[in-house]
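Numbering (this note's numbering), first residue to last: 26 to 534.
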C-alpha cells in the first residue's frame with residue numbers, strides 16, 4: 026500500500042512537471058523571464074499563502090533583474106522590482122488597470138450581487154467612486170470636521186489607558202495590539218461615521234476583527250473558511266451597518282455620504298449599498314493599526330530618539346494653559362520633523378504590500394517587456410524600499426533620521442516611497458490616517474512610559490503573514506506596562522485643531 030501511495034505521488038509530480046513544461050512553451054521570448062518554483066504549478070501560490078506579500082523578497086533572481094514572471098497554474102504574475110519601470114507602468118494605466126481589483130473586492134468582501142457586480146464592472150461607477158473619495162478626503166472644512174471628531178475621541182482612549190495605571194503605583198498593564206485596535210477603531214469611526222457609529226458596540230468591533238482574520242481566504246478564492254466563522258462575523262458587521270444606514274446621523278462624514286450617493290445613483294440596490302459601505306473599515310483600519318503599533322514600537326525602543334522626540338514636541342507643539350495643556354495640530358504636522366521621520370521610516374522598513382494591476386490587453390512595457398492580456402502585474406514595495414541603490418548601504422536598517430529634511434538623508438518620494446501606493450493610485454485617506462497616527466503617537470510619547478513587561482524590546486518580533494495589509498501585524502500581542510509620566514500627570518489635555526490645508530508633508534505627497 027505504501028509503495029502504491031509513493032508511486033501515485035510520483036506520478037502526480039511527474040504530471041505537474043509535464044504540465045508546467047507545456048505551459049512554458051507558450052512563453053514569448055519578450056516576456057519577463059519565468060522564475061521557477063521548487064514545487065511545479067503550485068509552488069508560488071503556496072509561497073504566497075504561507076509567507077504573504079513578503080514572499081517575493083525571498084525569491085532569488087539574477088542581478089539587475091527588473092521584472093520576472095511567476096507561473097501560477099495557467100496564468101502569470103509579472104513582478105516588477107525596479108523603480109525605473111514605475112513611470113512606464115503609470116503611463117499604461119488603462120491597459121495595466123487597477124479597476125478589476127475594485128470589482129473583485131466588491132464581490133469577495135462586499136458580497137456584491139450579480140447586478141451590483143455588473144455595475145462595478147461598468148464604465149462609470151469605479152471612476153465616480155474613486156473621484157468622490159478623493160474629493161471628500163481633500164483638505165477643506167469637511168476634512169477639518171472629520172479630523173476634529175477623530176482627535177477628540179483619541180484623547181478619550183488615551184485617558185482610559187491611564188485609568189488603571191493611576192490606581193497602581195507600579196503602573197498598569199495592557200495588551201498593546203488589542204488596545205491599538207480599539208483606539209484606532211474608535212477614533213477613525215468617530216471621524217468617518219460620526220459619534221454614533223456602529224463600532225460603539227464592542228461586539229461589532231470584535232466581529233470586525235474576526236472577519237478581518239479571514240479576509241485573505243475570502244479574497245483569494247482558496248476559501249479556507251470552512252466553518253464560515255469569518256462570514257458569520259461579517260454578517261454582524263453588515264447588520265450593524267444596516268441599522269446605521271437606516272438613519273444616517275447628521276455628523277456622518279462627507280466621505281461616507283458621498284460613497285453612499287454614488288452607489289445609489291449608479292443603481293446599486295440599497296441592501297448592497299449597505300454591504301459595500303461595511304467594507305469601508307477595511308481600508309480605514311487595517312493598515313492604520315499596525316503602522317501605529319510599529320511606530321510606537323520603533324520610537325519607544327530607542328531611548329535617545331524618544332527623548333529627542335519628546336523635546337521636539339514639548340518645544341514646538343505643546344501649549345501651557347490655565348488648567349492643563351494643548352497639543353497644537355498645525356505644529357504637530359509642520360514643526361516635528363523627527364517624529365514624522367520615525368513614522369515614515371517605520372512605513373519604509375515594514376512595508377510589505379505589492380501594488381497589483383490586471384493586464385487588460387497585450388502591453389509592451391518600456392518597449393522591451395511583453396505583458397500578455399489576462400495576467401497580472403505586481404510591484405512589491407519592499408523590494409524598492411530595501412534597494413541599496415536608492416536608500417544607500419543602510420537600506421535594510423531602521424534610521425530614525427532618514428526623512429529629517431535638515432539631516433544627512435537625501436529627499437525621497439514618488440517612485441522611491443510606496444507606503445501609500447504607487448502613483449496615480451495613492452491612498453486618498455493618507456492625510457487623515459497620518460494625522461491620526463501622529464496625534465496618538467505624540468500623546469503617548471509626551472504622557473506615557475511604555476515598555477514590554479518582559480523589560481526587553483525584541484529586535485525581530487514574529488509577524489502575522491495572514492492579513493492582507495501593507496504593514497504586518499505582530500504574531501503575538503505583547504503585554505506592555507503603562508505609566509503616566511509625572512511631569513504631565515493630573516492635567517487636562519485638549520487638541521488645538523488646525524485647518525486641513527496645513528498638510529502632513531509626506532514623502533509620497
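For glycine and all other residues, C-beta sits at the position ideal for the given N, C-alpha and C.
Beyond the five residues adjoining it in sequence on each side, residue 371 comes within less than 7 Å, by CB distance, of 316, 319, 320 and 323 in the same chain, given in chain order. Annotated three-state conformation of residue 386 is coil, per DSSP. In the structure shown, residue 220 falls within a coil segment according to DSSP collapsed to helix, strand and coil. Around the C-beta of residue 228, fewer than 16 other C-beta atoms lie within 10 Å, and the residue is accordingly described as exposed. Residue pairing from DSSP leaves residue 245 without any beta-bridge partner.
Secondary structure in the region 103-160: the alpha helix (DSSP H) runs of 4 residues or longer, each lying completely within the stretch, are 111-116, 124-133 and 139-145 in chain order. Note on residue 237: 16 or more other CB atoms within 10 angstroms of its CB, so buried under the neighbour-count rule. When only Cα atoms are considered, residue 459 and residue 146 end up about 31 Å apart. Secondary structure remark: continuous alpha helix (DSSP H) runs of at least 4 residues inside the region 278-353, in chain order: 279-290, 295-302, 305-310, 313-325 and 328-341. According to DSSP, residue 520 shares a beta bridge with 352. Residue range 473-477 is occupied by the beta strand (DSSP E) that includes residue 474.
Annotated three-state conformation of residue 226 is coil, per DSSP. Residue 383 and residue 450 have their C-alpha atoms roughly 14 Å apart. Its Cα nearest to that of residue 263, the residue 230 stands out among 230, 506, 500 and 249. Rounded to whole angstroms, the gap between the alpha carbons of residue 502 and residue 488 is 10 Å. Boundaries for residue 427: no beta strand (DSSP E) harbours it, and the DSSP string shows neither H nor E there. The alpha-carbon separation between residue 361 and residue 208 amounts to approximately 23 Å. Around the CB of residue 389, fewer than 16 other CB atoms lie within 10 Å, so the residue is classed as exposed. Residues of the same chain with a CB within less than 6 Å of the CB of residue 300, apart from the 5 flanking positions on each side, are 135, 136 and 263 in chain order.
For residue 172, the three-state secondary structure derived from DSSP is helix.
Residue 104 and residue 472 have their C-alpha atoms roughly 44 Å apart. Under DSSP, residue 505 shares a beta bridge with 199 and 477.
By the CB criterion at 8 Å, residue 293 and residue 144 fall inside the cutoff. Between residue 527 and residue 176, the C-beta gap is not smaller than 8 Å, which leaves the two residues out of contact.
Here residue 402 is bridged, per DSSP, to 103 and 382.
Out of 167, 235 and 58, the CA that lies nearest to the CA of residue 457 is found in 167. Assigned with DSSP and collapsed to three states, residue 266 falls in helix. Between residue 440 and residue 125, the C-beta spacing is not below 8 Å.
One Cα belongs to residue 491, the other to residue 377, and the distance between them is close to 12 Å. The Cβ atoms of residue 338 and residue 365 lie no closer than 8 Å to each other.
With fewer than three CB-CB distances shorter than 8 Å, the region 239-259 does not count as touching the region 267-285. A direct Cα-to-Cα measurement between residue 148 and residue 485 gives close to 46 Å. Residue 419 and residue 159 have their C-alpha atoms roughly 35 Å apart. At the C-beta level, residue 298 and residue 310 stay beyond 8 Å of one another. By the neighbour-count definition (other C-beta atoms within 10 Å, threshold 16), residue 493 is a buried residue. Contact between residue 391 and residue 398 is absent: CB atoms are separated by about 18 Å, not below the 8 Å threshold.
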